[in-house]
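Structure first, commentary second.
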Ligand code: ADP
């Protein structure tokens, strides 16, 4: 029995989850938020599962790591730091270099650093988080788990953009995708539990949260995913546009005299459901507004549902046959209203049919089938668990026993 920790370091936050392995038992989890502020917030679950929250100054990620480690001792979750035998870091961008998780050695560190221009908001804080843990626990093995790794199995024909080849050769400009750890987890569970390890299983995994992506999975390998060079691509999301005619950017730069960078930030942070509804990026608020008759909220839901339905049909075409559709993440797991809106858009063409009662019942962490028996393709909700995948990879990559 030993303990491992999954870490997700952001620019001003650090999330953690501690497991006892190989039992895969969650011992605690928590987060340090507002790192760099005098009123940072540290939350941790104590042994009774009660969330304990403190507001205090946290100057940097190094202080956050000490806070987390001392919190584990203070709440008697561990008796000594030695009990933690491995740490796994979620890394958003692994570029063309990583098709699997990897030991966090100097080469891994350098490659993640070289990819900062592709994911400045993520890779930089991931490295800061890794270095802070390395300073605090120099003897503990650490690994990097990449959101892009699962998508490295895509064909060139699927990952290249229709632009001059030199941009790929010189700058590695291509589709990398994201949410790979989640898609991999969902495909693995789906194949085992719902398709009885069927050979050549073909699955569509829908990771639909505030950020959202689809993945076409064949024999547990990704053949196509909807996010592109960055997580801005693909379907319409909470605040992101998803795929857009590239001339929109050029046109708006000319019309508004605003910079390309400024509009690009807006496409990331103030577009999608938020931009169209002018209500919120949260599906609950938009649904409430739509139910009161707000036309912009209704339009946002229709646009969102149509785009996702169109991607489902396109991805089914890429797979040739679909054995199972898996819904997951914030909206996919919790929002029957939105699942129905999507299926209403593609049911006539694809023959998909929800069981309305099951669709309503399966939410808030529940797993189960939501399709009607006569649906052309069965549909299931599986709550995703990226941290568990990280914990499993720590054990596998570090060879812990
Ligand atoms: P991300 O990880 O990209 O931030 P999540 O997967 O956590 O996103 O999804 C968050 C989104 O899920 C929220 O913005 C909201 O739109 C939706 N969501 C979460 N819970 C519910 C719920 N109970 N009902 C409807 N929508 C929900």
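Residue numbers (our numbering): 450 to 850.
C-beta: ideal position from N, C-alpha, C; glycine also.
For the 7 Å CB-CB criterion, residue 536 and residue 456 form a contact.
At least one heavy atom of the ligand ADP lies closer than 6 Å to the C-beta of residue 783.
The beta carbon of residue 596 sits no closer than 6 Å to any heavy atom of the ligand ADP. The shortest CA-to-CA distance from residue 616 to any of 583, 678, 577 is the one to 678. Here residue 601 is buried, its C-beta having at least 16 other C-beta atoms within 10 Å. One alpha carbon belongs to residue 706, the other to residue 748, and they sit about 28 Å apart. Look at residue 786 here: in three-state DSSP terms it is helix.
The Cβ atoms of residue 484 and residue 461 sit closer than 7 Å to each other. The closest heavy atom of the ligand ADP lies less than 6 Å from the beta carbon of residue 659. Taking the Cα positions, residue 638 is about 11 Å away from residue 654. The ligand ADP never approaches residue 638 closely enough for any of its heavy atoms to be under 6 Å from the residue's Cβ. Here residue 686 is not bridged, per DSSP, to any residue. Counting along the chain, residue 553 sits inside no beta strand (DSSP E), nor does DSSP assign it H or E at all.
Under DSSP, no beta-bridge partner is assigned to residue 512.
For the ligand ADP, a non-hydrogen atom lies closer than 6 Å to the CB of residue 780. Taking residue 623 as reference, the option from 709, 680, 662, 656 with the minimal CA-CA separation is 680. Cβ contact annotation for residue 838 (same chain, cutoff 6 Å, sequence separation greater than five): 630, 634, in chain order. Following the DSSP letters along the chain, one finds residue 578 inside the alpha helix (DSSP H) bounded by residues 569-585.
Per the Cβ contact rule, the region 637-652 is in contact with the region 768-786 (3 or more Cβ pairs under 8 Å).
Residue 459 sits close to residue 574, with the two beta carbons spaced by under 7 Å.
Relative to the non-hydrogen atoms of the ligand ADP, the Cβ of residue 734 never comes closer than 6 Å to any of them.
For residue 654, the enclosing beta strand (DSSP E) covers residues 651-657. In the three-state reduction of the DSSP assignment, residue 538 falls in the strand class, which pools E and B. Burial is judged here by how many other beta carbons sit within 10 angstroms of a residue's own beta carbon; residue 699 has fewer than 16 and is exposed.
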